[in-house]
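Q: With our numbering, letter number 228 in the sequence shown gets 1045, and the count goes up by one each step, no holes.
No residue lacks a Cβ here, since even glycine has one placed at the ideal position from N, Cα and C.
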Amino acid sequence: MSTNPAPDLSTSPVALQTGFDASHGAPVPAHETLPILRVTANNPGPFTFHGTNSYVLGDERLTIIDPGPADDAHLDALLKAIAGRSVDAILVTHTHADHSPLARALQQATGAPVLGCGPHAPFRDLADGEVNLLDASGDRAHAPDTVLGDGAMIPTELGPLSVVATPGHTANHLCFALDAHGVLFSGDHVMGWSTTIVAPPDGAMAPYMASLDRLIARGDTLYLPGHGGAVDDPQRFTRGLRSHRRMRANAILERLKAGDETVPAIVQAIYAGVDARLHGAAALSVFAHLEELVACGDAATDGPPLLRGRYRMTG
Ligand SMILES: [Zn+2]
């Protein structure tokens, strides 16, 4: 079992949960009492931990959450877990290449409709000359039968599953909650093993923070995320993530005050203890914070905020 480092923030005060037995391809019970299976795809990496978790809900009439990457072995594993039972719906949290593409093949194999997040779209257009470094991770072919908005309800064998819109990691990110059981499928919005990537223009920090607030205001008692193991103390954990991001924003303002002007200079200063291979991901996170600090007037730059821009304090 390989262990990948978190892509961001090993200096985090959040207690990340990095123990996880992926059991690639084999269905693993994901809940003590409810019939929920986790099948983890064999696509480990710095941004996917041990791989993408697909969830299979129900005994007789099934609901699948996040089919995963376009991977024949994972399709076989899901079909084995489904074992000929009927599938009512294939739900997708967001359009990253490790979550949504297998929806097409799974739909062909099962006839179930694909529901959930809308087509892939960034939060904003690219500025002149700006490059979207995460472009390849977007699944632009995702074409759901039905796009579900916040508050929509999907009937499942385990009770209604409600849609909780949680933009931030992507603009279209959704969580799904079995409200009657306090179980929330948190996708890539909140994961136990790592803080989530928030990288403009596909991601945006202000909506991400608002989406953390949304989850904190709910009473869910268990999160089943898109990567890694269950989060069994989700309120405390999500509050920790929020404090962590606020601390980062303050640290970035401190660096601007100290005279740093660029993303690389800030990364060098505040991620000094972090593996240099992760500095690319850290740069995107710093950029996301700077974009938000400019939007709220605490920082300034000339023209639109850019990864390679120069920044300063205001006032
Ligand atoms: Zn993602």
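Does the distance between the C-beta of residue 888 and the nearest non-hydrogen atom of ligand 1 fall short of 8 Å?
A: Stepping through the sequence shown from its first residue, residue 888 is reached at position 71. Not under cutoff, so the answer is no.
Q: Closest by CA to residue 987, which one among 964, 1021, 861 and 956?
A: Here the question's residue 987 lines up with position 170 in the sequence shown. That would be 1021, whose Cα lies nearest to the Cα of residue 987.
Q: Kindly list the residues whose CB is nearer than 7 Å to the CB of residue 827, restricted to its own chain and excluding five residues on each side of it in sequence; keep chain order.
A: Residue 827 sits at position 10 when you count from the first residue of the sequence shown. Caution applies to residue 827, whose pLDDT of 41 falls short of 50 and renders its modelled position unreliable; the value that the coordinates give is listed next. Excluding residues within five positions, the ones whose Cβ falls inside 7 Å are 1091.
Q: Using CA coordinates, which residue listed in 972, 1045 and 944 is at the minimum distance from residue 881?
A: The residue you call residue 881 lines up with position 64 of the sequence shown. Per the Cα distances, 972.
Q: State buried or exposed for residue 1030, treating a residue as buried only when at least 16 other CB atoms are found within 10 Å of its CB.
A: Along the sequence shown, read from residue 1 onward, the residue named residue 1030 stands at position 213. The residue is exposed, with fewer than 16 neighbouring Cβ atoms inside 10 Å.
Q: State yes or no: is the C-beta of residue 954 nearer than 8 Å to some heavy atom of ligand 1?
A: Looking up residue 954 in the sequence shown gives position 137. Correct: residue 954 has its Cβ closer than 8 Å to ligand 1.
Q: If distances are taken between C-alpha atoms only, which option among 1000, 1003 and 983 comes closest to residue 1026?
A: Numbered from its first residue, the sequence shown carries residue 1026 at position 209. If we check each option's Cα against that of residue 1026, 983 comes out closest.
Q: Return the Cβ separation of residue 844 and residue 854 in integer angstroms, given the expectation that the two are a contact with Cβ distance under 8 Å.
A: What you label residue 844 is simply residue 27 of the sequence shown in a count that begins at 1. What you label residue 854 is simply residue 37 of the sequence shown in a count that begins at 1. That pair is a contact at about 4 Å.
Q: Mind pulling the alpha helix (DSSP H) runs of 4 or more residues that sit fully within the region 964-1041?
A: Those alpha helix (DSSP H) runs which fall completely within the region 964-1041 and span 4+ residues are 1022-1033.
Q: Who are residue 939's beta bridge partners in DSSP?
A: Locating residue 939 in the sequence shown gives position 122, counting from the first residue. In DSSP, residue 939 forms no bridge with anything.
Q: Looking only at its chain, what residues have a beta carbon closer than 8 Å to the beta carbon of residue 1119, apart from the 5 residues adjacent to it on each side?
A: Numbered from its first residue, the sequence shown carries residue 1119 at position 302. Here the set comprises 1126 and 1127.
Q: Rounded to whole angstroms, how far is the Cβ of residue 831 from the Cβ of residue 1057, which I believe are closer than 8 Å?
A: Along the sequence shown, one-based indexing puts residue 831 at 14. Along the sequence shown, one-based indexing puts residue 1057 at 240. That belief holds up - the Cβ atoms of residue 831 and residue 1057 are roughly 4 Å apart, short of 8 Å.
Q: Counting C-beta neighbours from all protein chains within 10 Å, is the total for residue 959 16 or more, i.e. buried, or is it exposed?
A: The residue you call residue 959 lines up with position 142 of the sequence shown. Residue 959 is buried by the Cβ-count criterion.
Q: Please state the DSSP three-state secondary structure of residue 1116.
A: In the sequence shown, the residue the question calls residue 1116 occupies position 299. The answer is strand: DSSP assigns residue 1116 an E or B state.
Q: What did DSSP end up calling residue 905 once you bin it into helix, strand or coil?
A: In the sequence shown, residue 905 corresponds to position 88, counting from 1. Note: residue 905 maps to strand in three-state DSSP.
Q: Helix, strand or coil for residue 1106, going by three-state DSSP, please let me know.
A: Position 289 of the sequence shown, counting from 1, holds the residue named residue 1106. Note: residue 1106 maps to helix in three-state DSSP.
Q: When a residue counts only if its C-beta is closer than 5 Å to some heavy atom of ligand 1, which residues count, in chain order?
A: The filter returns 913 and 1005, in chain order.
Q: Which same chain residues, not among the five before or five after residue 1059, have their C-beta less than 6 Å away from its C-beta?
A: On the sequence shown, position 242 is the one that residue 1059 refers to. Hits under 6 Å: 1029.
Q: Hey, residue 842 and residue 894: beta-carbon distance below 9 Å or not?
A: Looking up residue 842 in the sequence shown gives position 25. Looking up residue 894 in the sequence shown gives position 77. Yes, the pair counts as a contact, with Cβ atoms nearer than the cut-off.
Q: For residue 1100, does the count of other Cβ atoms within 10 angstroms reach 16, so buried, or fall short, so exposed?
A: Here residue 1100 refers to the residue found at position 283 when the sequence shown is read from its first residue. It is buried - the Cβ of residue 1100 has at least 16 other Cβ atoms within 10 Å.
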